[in-house]
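In what follows, a single structure is set out as structure tokens and then discussed.
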Amino acid sequence: MAEDDDRQVLRAAAHPLRLRMLSLLTGTAMSAAEVARELGITHANASYHLRVLARAGEVVEAGEEKVRGGTAKRYRHEWDDRHREAGARPREIGLEVRTMGQELVRRVAERETGRGHSYFCDAELWVDEETWARALALVEEAGRLVHDAAQPPRTAGTRRTNLTVAAFGMTPGGTP
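For the sequence shown, position 94 (counting from the first letter as 1) is numbered 121 according to my numbering, and the numbering increases by one without interruption.
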């Protein structure tokens, strides 16, 4: 059953809108209405995707609030630095990687130009084990740093940013 659970998580996260929701809900708990407003989608669409993410265990209920005589659930993504690719099938990883690629294209199109500093790197290189271990540790630290510091959208003193990272060892012969 764990394999089916892993697939459900991968499929839930491998959707551009749900990937944006996970990023948004890392910094704060939000209701479907708040998510809808922030992402410019309908309340019904936000509710549907939040339910998919909740069933997959990607978001958790983080309380409720009274709204116009009703009750709205609040959701939060509790980022835990897990490595989803462990045990996943190449086809499933491919789905998530394609989704990340689409999101990266969208984010690059939205990037600020002329302000601040950005960095982009794509490399397939041969390096010694010590260098690789250090690079991997720095990438992991960067991921934890930005997730741990995530704030609610539009919080004073913050800026909207993107950190997309993929780092993995390759097979020596170039084929799996």
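Quick reminder that beta carbons are idealized off the backbone N, C-alpha and C, glycines included.
Fair warning: this is a prediction, and the values are worked out from it, not measured in the lab.
7 Å CB neighbourhood of residue i in its chain, flanking five on each side removed
i	result
Val-166	Val-192, Ala-194
Met-197	Glu-151
Ala-40	Leu-46, Leu-49, Glu-85, Glu-123
Leu-52	Val-86, Tyr-102, Arg-103, His-104
From the options, residue whose alpha carbon lies closest to that of residue i
i	options	result
His-76	Ala-99, Ala-56, Arg-47, Lys-93	Arg-47
Glu-105	Ala-89, Glu-157, Ser-58	Ala-89
Thr-188	Thr-55, Ser-145, Glu-123, Gly-67	Ser-145
Ala-54	Arg-64, Arg-186, Arg-103	According to the sequence provided, residue 54 is Gly. The question's Ala does not apply to it. The shortest Cα separation from Gly-54 among Arg-64, Arg-186, Arg-103 belongs to Arg-103.
Pro-199	Ala-71, Arg-181, Trp-153	Trp-153
Close beta carbons around residue i, own chain, < 8 Å, minus the five adjacent residues each side
i	result
Pro-43	Thr-126, Gln-129, Glu-130, Arg-133
Trp-159	Gly-196
Gly-67	none
Proximal residues to residue i (C-beta, below 6 Å), its chain only, five neighbours per side dropped
i	result
Leu-190	Val-173
Pro-180	Glu-65
Glu-98	Going by the sequence as given, residue 98 is Thr instead of Glu. Only Glu-91 meet the Cβ criterion.
Exposure label - residue i; buried when at least 16 CB within 10 Å
i	result
Glu-92	exposed
Val-79	buried
Glu-61	buried
Ala-164	exposed
Ala-71	exposed
Stretch pair the stretch 71-89 + the stretch 168-188: three plus CB contacts closer than 8 Å: no
Which ranges would you report for the alpha helix (DSSP H) in the stretch 124-198 if only whole runs of at least 4 residues count? 156-175
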